[in-house]
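Novice:
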Amino acid sequence: VDREANDGYQQPSFIDAHGHFMNAPQVVKWANVSGPPVGSVQSIADIITVLKAHVEKFKLKPGEWIIAYGYDITNLSDGRECSRDDLDPHLPDHPAMLIHVSNHGAVLNSKGFAEVGINDNTETPPGGMIMRQAGSNRPDGLIMETAFLPIFGNMPQPSEEELLNTLDAAQQIYASVGVTTCQEGATHTKDLKFLRKAAEQGYLYLDIAAIPAVTEVPAMVKEYFPTFTGESMEIPDTAKESFGTYKDHLKLAGVKMFIDGSPQGKTAFWTQPLLTSGPGGEENWRGQPLFPPELINKTFKELYEKGIQVFSHCNGDAAIDMMIDAARAAGVKAEDNRRTVIIHSQFQRPDQLDDYVELGFSPSYFTAHTFFWGDVHVENTGKERAYFISPMASAVKKGLHCSNHCDFSVTPMNPMRMIWSAVTRQSRRGEIIGPDERVDVWQSLKALTIEAAWQIREEDHKGMILPGKLADLVILDGNPLTIETDKILDIKVVETLKEGNTVYKKAA
Amino acid sequence: MINKLPFTVIGGYLGAGKTTLLNHLLTHAEGLRLAILVNDFGSVNIDVDLIRSHEGDTLNLANGCMCCSLVNGFANAIEQIRRRSNDFDHMIIEASGVSDPRKIAQYGQMYQLPLDGILVVADAEQVKTQAQNKYVGDTVIRQFAQADLIVLNKADLVSPADLTSLRTWLATLAPRTPVIDSVRSQVPIEVLLGVHESRSHDDHSSESCQEFHGHPHDDHHTEKFETWTIARSLPITRNVLDRFAPSLGEDIYRAKGFVFLQDDPNRRYIYQQVASRWSLEPDSAWGNEPRQTQLVVIGRKGATRIEAIDALLGNDVLSVYSSI
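For the protein sequence lines, the chains are A and B, in the order given.
Okay, so the first sequence: first residue is 547 according to my numbering, each after it adds one.
Okay, so the second sequence: first residue is 106 according to my numbering, each after it adds one.
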């Protein structure tokens, strides 16, 4: 396809190098009460405005839940938590739950409290928090941790039909910012069943690369290979044939291993302790792995021997060491071209870059962390470690293929912020988190296109504009290569094309 | 209803014997209906004859016990049990080899369930090597510090001298935490999960004195246990109870029973103790039942702490049964 782009700058569309597509059908049904730049909330009054608009937009009937995400007191000019008494007069007919930005808590209104059965007599469970009003037992609004988690776990789930009907809006989250290949980066068995159904029934128009979570492998083997009699983590020899090819816009790309948690939640696994205390107030805290090394080694070897590509979540350097050990034990060499993708690779040590070269590992970085949590990382780990997070410049110098991602919906699907953060590494406070690891715009664009395509073995038909490649294109209203750096964030998508067909067009 | 279901967390590193311990509990439940949450029941080797039905992530056993896999998450497994909470006497949660059992216990407590105790199983032969592993050594050590009882398993695979030095080492990691030697996780269910009401009634109707034995064929490596049943007719003050638990010492593993409390004489109280963790909870009114304190205490054979019992009973000894 040779198309004139008189109205903007045409380039290959973006590839989501790592995120969670199955969060999208949920997010589109929720109100966004985040502060800038994720949302627009800067006061309790703004929250009310957003929630009322949400009721209007979805024509919610009395009694239907209003669920919102991104609530955070630090965004509120009021300087206090939002209370049920702020919400009640404006939302008398709907139970409301404003999920905290950490996903570990929420603010509820009175109807919400009644719905989940929390009242003045509810005891606060160990490890939890129910904020009470001064001088009384009356819950004020905010509940956290163990007081919240079981309630969230028991919330009514949307039906399959409802979910199918949100898939257009879900794909528009991607298409509207120029992304035409999405990743479902930790697919569960029921999600895979759902996505297969959605694909077969023609709901998908963007490509989705699904990467089943390793913990789901036994259940999937049971589902799709019912006669297989191997042990719990064994995989049938023919399983690899299920990977690598799109059918109705859905493919299996590999299996997702995960070794640790997140650095901002202090659940990543580092070799050296943090400068601050652990998530439970622990001293000398360096996190811990999610699985014992014996199990990680065995699982990786099985996947490697059965010819299945591995995508492994490693945030801390000790988690990365565990993957390096597992690959060495399995006998992996770079020339095998297995393209083991180390998702996040955030707190990588400089010496580990050479191990990546030797083992053919490819990092998928998360440079937007320098903006969202860069200041927190400096506080927790000191400048030397924090400044080397997502070290894209060093990795490129070593000749590594590296992509960049936003871990949707952990941060918003916004390629311009990914480009900007890779180029500036500027934190919320304005500190440059590792000046030496900044890359030029060209490199940052490659990380979202051709390099991301390489990691999922699609570089022969995606990620560049060349004869024989798919016409997966985006037209931008500004040229990131020439525009002033700080204006990159303002660039908007004019049109997005998937295989030559328009999948998004900005309203005139 | 589910509020009444006490739960135990079983922790310990990969290969320590957690699964063997679960199998042991399932085959020796003897009327105690256990709901067990396991990481993966592929690994629990349940006798096929024992399985009554298999539905999704749950296995129902002929002896009234149930296994539920944690593969679909903790909330989901808890929900399965919540729906049938009247069918069970006790819940057991298997912690993964690298998790902190105290955090798992917190998950249970957030559903307002009473924590009975945290057991941590150790492999006598491997544990010191595991504690030095650069990735998981600190986790292994942290697990012991969180235990109420430590089961030192595979005691037959090390020499008596090594066993002694292991106990000394464990005492530095988990001061005052009882350590029970075992082979193939064979520890009496009364020690692991406590004496439940249904069974303690049985105890009274038959013999009060019992001698448990860890493993019938291997006297050398496993412990002998002993129970005492204590009864007192005069009411007890809270102060006396406060002193009772810590005075029992680390060779006493458990105590459970009813308390006749001086400042609330019309209500029966339930006393429970696992090592140094103990609780006193109000129960129903005494009604027509005789008002008396009645506790069953289990410990290492020969570890009777007469002075502690004396302190509790004063000179109002209604009865003390010892088991030897």
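In this text, a Cβ means the ideal position worked out from N, Cα and C, and glycines have one as well.
Give the secondary structure of A/Ser-955 by DSSP, where H, G and I count as helix, E and B as strand, and everything else as coil.
Specialist: A/Ser-955 falls in the coil class under three-state DSSP.
Novice: Just the C-alpha distance for A/Leu-1019 and A/His-947, rounded to the nearest angstrom, thanks.
Specialist: Rounded to whole angstroms, A/Leu-1019 to A/His-947 spans 22 Å at the Cα level.
Novice: Where does B/Gly-117 land, buried or exposed, given buried means 16+ other C-beta within 10 angstroms?
Specialist: Buried: at least 16 other Cβ atoms inside 10 Å.
Novice: Ignore the nearest five residues each way along the sequence and tell me which others in A/Tyr-615's own chain have a CB closer than 6 Å to its CB.
Specialist: Correct list, in chain order: Trp-576, Ile-645.
Novice: So, do the stretch 961-969 of chain A and the stretch 1026-1034 of chain A have three or more beta carbon pairs nearer to each other than 8 Å?
Specialist: Yes, the stretch 961-969 of chain A is in contact with the stretch 1026-1034 of chain A.
Novice: Between the alpha carbons of A/Ala-732 and A/Asp-897, how many angstroms are there, rounded?
Specialist: Answer to the nearest angstrom: the Cα atoms are 28 Å apart.
Novice: Between the alpha carbons of B/Val-364 and B/Tyr-376, how many angstroms are there, rounded?
Specialist: Near 6 Å, if we compare the C-alpha coordinates of B/Tyr-376 and B/Val-364.
Novice: Check distances from the C-beta atoms of the stretch 192-203 of chain B to those of chain A and list, in chain order, the residues that come in under 8 Å.
Specialist: For the stretch 192-203 of chain B, which is checked against every Cβ of chain A, the residues closer than 8 Å are Ser-201, Gly-202, Val-203.
Novice: Of all Cβ atoms in chain A, is any one closer than 9 Å to the Cβ of B/Gln-237?
Specialist: By this cut-off, B/Gln-237 is not an interface position.
Novice: Quick one: does B/Gln-367 have its CB under 9 Å from some CB of chain A?
Specialist: For B/Gln-367, the answer is no, since every Cβ of chain A falls outside 9 Å of its Cβ.
Novice: Thinking just about the alpha-carbon of each residue, which of A/Thr-1028, A/Ile-1021, A/Thr-1048 is nearest to the one in A/Val-1040?
Specialist: Selected option, being the one with the closest Cα: A/Ile-1021.
Novice: Quick check: what's the CA-CA separation for A/Met-938 versus A/Ala-680?
Specialist: Cα to Cα, the separation comes out at about 50 Å.
Novice: Which residue comes first and which comes last in the beta strand (DSSP E) that contains A/Tyr-617?
Specialist: A/Tyr-617 -> beta strand (DSSP E) spans 612-617.
Novice: Using a Cβ cut-off of 9 Å (strictly closer), state whether B/Asp-228 contacts chain A.
Specialist: B/Asp-228 does not count as touching chain A.
Novice: Quick one: complete alpha helix (DSSP H) runs, 4+ long, within the stretch 987-1051 of chain A?
Specialist: For the stretch 987-1051 of chain A, whole alpha helix (DSSP H) runs of length 4 or above, ordered along the chain, are 987-994, 996-1001.
Novice: Tell me which same chain residues have a C-beta within less than 6 Å of the C-beta of B/Arg-408, skipping the five on either side of it?
Specialist: The question names Arg, but residue 408 of chain B is Ala in the sequence shown. Excluding residues within five positions, the ones whose Cβ falls inside 6 Å are Asp-356.
Novice: Do the stretch 742-762 of chain A and the stretch 787-799 of chain A meet, that is, are 3 or more Cβ pairs less than 8 Å apart?
Specialist: Yes, since at least three Cβ pairs between the stretch 742-762 of chain A and the stretch 787-799 of chain A fall closer than 8 Å, the two stretches touch.
Novice: For a test of the three-state rule: what should DSSP assign to B/Lys-109, helix, strand or coil?
Specialist: Looking at B/Lys-109 - three-state DSSP - the assignment turns out to be helix.
Novice: For the ligand PLP, is there any heavy atom lying closer than 8 Å to the beta carbon of A/Gly-658?
Specialist: The ligand PLP is not part of the structure shown, which contains no ligands of any sort.
Novice: Report the start-end ranges of each beta strand (DSSP E) in the stretch 191-243 of chain B that is 3 residues or longer and not cut off at the edges.
Specialist: If we require 3 residues or more, the beta strand (DSSP E) runs fully inside the stretch 191-243 of chain B come out as 195-199, 220-228.
Novice: Please name the residue, chosen from B/Leu-339, B/Pro-395, B/Pro-340, B/Thr-334, that lies closest to B/Gly-404 on a Cα-to-Cα basis.
Specialist: When each option's Cα is compared against that of B/Gly-404, the closest is B/Thr-334.
Novice: Hey, quick one: how far does the beta strand (DSSP E) through B/Ala-380 stretch, first residue to last?
Specialist: That residue, B/Ala-380, is in no beta strand (DSSP E); it is neither H nor E in DSSP.
Novice: Considering only the beta carbon of each residue, do A/Gly-663 and A/Met-643 sit closer than 9 Å?
Specialist: Contact flag unset, no.
Novice: Rounding to the nearest angstrom, what Cα-Cα distance links A/Ala-1053 and A/Ile-719 in this structure?
Specialist: Spanning the two alpha carbons is a distance of roughly 15 Å.
Novice: Between A/Gly-811 and chain C, is there a C-beta pair that is closer than 9 Å?
Specialist: Structure shown: chain C not included; protein chains present are A and B.
Novice: Figure out for me which residue from A/Ile-1029, A/Ala-660, A/Phe-567, A/Arg-678 has the closest Cα to the Cα of A/Ala-744.
Specialist: Here the closest residue by C-alpha is A/Phe-567.
Novice: Tell me whether the stretch 185-198 of chain B and the stretch 112-127 of chain B touch, counting them as touching only if at least three CB pairs, one residue from each stretch, are closer than 8 Å.
Specialist: Result yes; three or more Cβ-Cβ pairs closer than 8 Å.
Novice: B/Gly-52: which of B/Arg-289, B/Ser-384, B/Ile-246, B/Glu-135 sits nearest, CA to CA?
Specialist: There is no way to answer for residue 52 of chain B, as the model of chain B reaches only from 106 to 429.
Novice: What residue does the alpha helix (DSSP H) around A/Asp-900 start on, and which one ends it?
Specialist: Here the alpha helix (DSSP H) through A/Asp-900 covers 896-905.
Novice: Name the chain A residues that come within less than 9 Å of B/Thr-125, Cβ to Cβ?
Specialist: Within 9 Å Cβ-Cβ: nothing; B/Thr-125 doesn't reach chain A, min ~17 Å.
Novice: If distances are taken between C-alpha atoms only, which option among A/Val-942, A/Thr-726, A/Asn-683, A/Trp-1000 comes closest to A/Asp-986?
Specialist: Nearest of A/Val-942, A/Thr-726, A/Asn-683, A/Trp-1000 to A/Asp-986, Cα basis: A/Val-942.
Novice: Name the chain B residues whose beta carbon is nearer than 7 Å to that of A/Phe-804?
Specialist: None at all; the shortest Cβ gap to chain B is about 13 Å.
Novice: Is the beta carbon of A/Arg-716 less than 9 Å from the beta carbon of A/Ala-570?
Specialist: According to the sequence shown, residue 716 of chain A is Ala rather than Arg. Yes, they are a contact pair.
Novice: Within 9 Å of any Cβ in chain A, is that where the Cβ of B/Gly-120 sits?
Specialist: Yes, contact with chain A.
Novice: Does A/Glu-669 get closer than 9 Å to chain B when you measure Cβ to Cβ?
Specialist: Chain B, which has a Cβ nearer than 9 Å to the Cβ of A/Glu-669, makes this yes.
Novice: Roughly how many whole angstroms lie between the Cα atoms of A/His-734 and A/Ile-866?
Specialist: Answer to the nearest angstrom: the Cα atoms are 24 Å apart.
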